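**Q**
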């Protein structure tokens, strides 16, 4: 089977996961070994990269990683697993259509691209450009179109940010996005309103600390939950805790698995 056909098949597989009534939980990774560790679990059906975590691995602030570095990080993940990979590609950079073309060439079959609360029409145009580029590449690319209407909403009332997220999300869906990713929506009331506005099976959220667990999100009609940089933070805390124990005279646990 050709590499091109593998990419097409994986895009269709990710599309089916997004359309399934069962919520898709993706545990975000940031390099080859974290991807392999997660992919080895039988519950894993797709892999998602965390842009924040990849940036941190290369010494960059979140959102400050050059495109070539971002794509190199994503490529290490794609090459490490035999599963659909959806990539966090920040805001799509200066030319989101070209960014997506380059990502697809690496085997990426889906992406988060954030609007950073750009003007409404500009945000919609960027989503449209991404979907046109993906169509030209001939794959069922799964855009998890992110709106920052809540996290960048500033001091405006919460209901205004939610309504803005719905308006932007509906426009993104009209341009062919698979899902609408709304970070900052943690409480039940906000999620219920977003699902009502966007439709069941169209909302994607982040499982930040304090968020509802996946089964409850599924019952509310959420299609996908991811965990962003928090997976790396948990791993780094475990590393710090181990280092502290070793400095205090501890030893490596005898049941440590050889995951690397």
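Numbering (our numbering), first residue to last: 353 to 612. For each residue, glycine too, the CB sits at the ideal point set by N, CA and C. Here the structure is a predicted model, which means the values were calculated and not measured.
Once DSSP output is grouped into helix, strand and coil, what is the label at residue 397?
**A** Note: residue 397 maps to coil in three-state DSSP.
**Q** Enumerate in chain order the residues of its own chain whose CB-to-CB distance from residue 491 is below 7 Å, with the five nearest sequence positions on each side excluded.
**A** 359, 360, 363, 456 and 461
**Q** Under 9 Å, do residue 531 and residue 496 count as touching if we go by C-beta distance?
**A** yes
**Q** Between 395, 372, 431 and 526, which lies nearest to residue 385 when the distance is taken from Cα to Cα?
**A** Here the closest residue by C-alpha is 431.
**Q** So residue 438 packs on residue 400, CB below 8 Å; how close in whole Å?
**A** Contact holds; Cβ gap of about 5 Å.
**Q** With DSSP as the reference, label residue 420 as helix, strand or coil.
**A** helix
**Q** At the level of alpha carbons, what is the spacing between residue 441 and residue 601?
**A** About 42 Å.
**Q** For residue 493, report the span of its beta strand (DSSP E) as first-last.
**A** Unbroken run through residue 493: none, as it is neither H nor E.
**Q** Are the beta-carbon atoms belonging to residue 538 and residue 564 less than 9 Å from one another?
**A** yes
**Q** Would you identify the three-state DSSP class for residue 428, choosing helix, strand or coil?
**A** helix
**Q** Whose C-alpha, out of 570, 562, 529 and 559, is nearest the C-alpha of residue 547?
**A** Considering only 570, 562, 529 and 559, the residue with the shortest C-alpha distance to residue 547 is 570.
**Q** Taking only runs of the alpha helix (DSSP H) that begin and end inside the segment 531-609, which ones reach a length of at least 4 residues, in chain order?
**A** Fully enclosed alpha helix (DSSP H) runs of no fewer than 4 residues occupy 540-550, 566-571 and 582-599 of the segment 531-609, in order along the chain.
**Q** On the CB-based measure, 16 or more other CB atoms within 10 Å of its CB, does residue 607 come out buried or exposed?
**A** exposed
**Q** I'd like the span of the beta strand (DSSP E) that includes residue 378, first residue to last.
**A** 376-378 is the extent of the beta strand (DSSP E) around residue 378.
**Q** Hey, out of 595, 524 and 382, whose CA is closest to residue 474's CA?
**A** 524
**Q** Pairs of beta-carbons, one from the segment 579-599 and one from the segment 402-422, closer than 8 Å: are there three or more?
**A** yes
**Q** Could you spell out where the alpha helix (DSSP H) holding residue 383 opens and where it closes?
**A** Unbroken run through residue 383: none, as it is neither H nor E.
**Q** Does DSSP classify residue 361 as helix, strand or coil?
**A** helix
**Q** I need the DSSP call for residue 468, collapsed to helix, strand or coil.
**A** Here residue 468 sits in coil by DSSP.
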